[in-house]
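In the working numbering, the protein residues as written are 5 to 344.
Ideal Cβ positions, reconstructed from N, Cα and C, are used throughout, including at glycine.
Okay, so here's the structure we're looking at.
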């Protein structure tokens with residue numbers, strides 16, 4: 005028989021084992037445990053049909069319908085599972101650790117798979133952690149006005165052996181109206197939290213954890229509220245850098261793409277920039293004066309960030325003055341000052 009294991013046991017001892025998600029493709033696409041392979045027991049339409057029969061007729065009728073869908077594909081499930089887990093060891097989950105995962109796991113076990121595990125309470129157990137479980141760890145929040153090079157500095161901090169959670173990397177967004185330029189699609193908010201917790205659970209909570217200061221929204225995805233609240237209460241290392249230097253960095257980062265994307269981003273914040281600033285920014289963009297465009301955008305973003313700063317406890321803010329955008333030099337300076 006398959007062995008039922010808790011989500012914490014899986015995370016601590018079985019992450020090296022092939023993970024199979026037997027939910028529908030639609031469920032999987034919305035969000036899944038990182039690293040999982042989708043071998044759906046039902047298609048999206050089949051799952052909906054089974055659910056309808058369950059509600060309108062009975063549980064037994066729904067189970068019978070499920071078997072009618074599944075039985076012709078039993079050999080296919082084995083073949084697909086053998087392909088992704090040639091060693092014969094798998095962990096299986098569905099939404100709540102119910103019939104789908106147990107039926108699939110029993111089928112694999114009967115057909116020669118060695119070690120077959122089912123995650124107790126299924127995907128829902130992982131989601132509970134991904135949304136709520138951020139109470140541990142000593143957070144060090146790296147903040148500063150837009151264009152301070154915070155993400156680049158975090159990468160250098162990570163290279164020096166420190167623990168870093170790259171929120172913008174996980175969100176595939178740089179955190180402003182211009183943040184999607186040059187990047188692909190963002191994950192769903194659900195998958196973002198899943199990916200975030202996957203990195204979080206690997207951390208050594210006896211050591212500092214560096215993370216970039218963000219609003220609760222990073223593009224179209226949202227931070228888990230418990231983590232966001234902790235970030236607001238944590239020590240903030242605020243990078244102070246001149247607007248001129250920051251504008252130059254923004255020009256380097258964002259003008260590699262076409263002007264249409266930049267114009268679209270300016271239009272998205274036109275109400276906040278104001279009519280005249282928007283017109284001027286668009287005119288300077290057409291003139292290829294990207295530096296002036298950056299200065300106009302920073303005028304808005306600096307005010308926005310300052311409002312967020314006012315909500316913090318000033319006793320938890322350490323200002324670090326930086327002269328340039330050299331990420332390595334700045335990372336070294338920050339690490340020297342973190343215990344001052």
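DSSP state of residue i, grouped into three classes?
i: residue 144; result: strand
i: residue 123; result: strand
i: residue 228; result: coil
i: residue 167; result: strand
i: residue 58; result: helix
i: residue 88; result: helix
i: residue 6; result: coil
i: residue 288; result: helix
i: residue 64; result: helix
i: residue 216; result: strand
i: residue 328; result: coil
Measuring alpha carbon to alpha carbon, tell me which of the options ends up nearest residue i.
i: residue 275; options: 253, 264, 304; result: 304
i: residue 41; options: 17, 301, 96, 207; result: 96
i: residue 69; options: 45, 162, 19, 176; result: 45
i: residue 269; options: 178, 118, 311; result: 178
i: residue 107; options: 131, 11, 75; result: 75
i: residue 133; options: 169, 79, 15, 162; result: 15
i: residue 345; options: 225, 33, 18, 135; result: What the structure shows of the chain is the stretch from 5 to 344, and residue 345 is not part of that stretch, so it cannot be assessed.
Give every residue of the same chain whose Cβ lies closer than 8 angstroms to the Cβ of residue i, excluding the five residues on either side of it in the sequence, and list them in chain order.
i: residue 82; result: 111, 112, 115
i: residue 320; result: 237, 238, 239, 240
i: residue 144; result: 212, 213, 214, 215, 238, 239, 241, 342
i: residue 55; result: 66
Within a Cβ cutoff of 7 angstroms, which residues of the same chain sit near residue i, ignoring the five residues on either side of it in sequence?
i: residue 101; result: 122, 123, 124, 125, 126
i: residue 43; result: 24, 26, 81, 84, 85
i: residue 232; result: 220
Output needed for residue i: all residues of its chain with C-beta closer than 6 angstroms, excluding positions within five of it in sequence on either side, in chain order.
i: residue 140; result: 209
i: residue 130; result: 11, 37
What's the call for residue i, buried or exposed, on a 16-neighbour Cβ count within 10 Å?
i: residue 120; result: buried
i: residue 195; result: buried
i: residue 292; result: exposed
i: residue 36; result: buried
i: residue 142; result: exposed
i: residue 63; result: exposed
i: residue 147; result: buried
i: residue 167; result: buried
i: residue 250; result: buried
i: residue 47; result: exposed
Verify the contact flag: residue i, CB atom, against every heavy atom of the ligand GDP, threshold strictly below 7 angstroms.
i: residue 334; result: Judged by which ligands are present, the structure shown has none, so any question about the ligand GDP falls away.
Count the CB pairs spanning the region 281–290 and the region 187–207 that are closer than 8 angstroms, and state whether there are at least three. Too few Cβ pairs lie closer than 8 angstroms, so no.
If you pair each beta-carbon of the region 136–155 with each one of the region 49–60, do three or more pairs fall below 8 angstroms? The region 136–155 is not in contact with the region 49–60.
Taking 8 angstroms as the threshold, find out whether the region 233–241 comes into contact with the region 189–198 through three or more Cβ pairs. Because the criterion of three Cβ pairs below 8 angstroms is not met, the region 233–241 and the region 189–198 do not touch.
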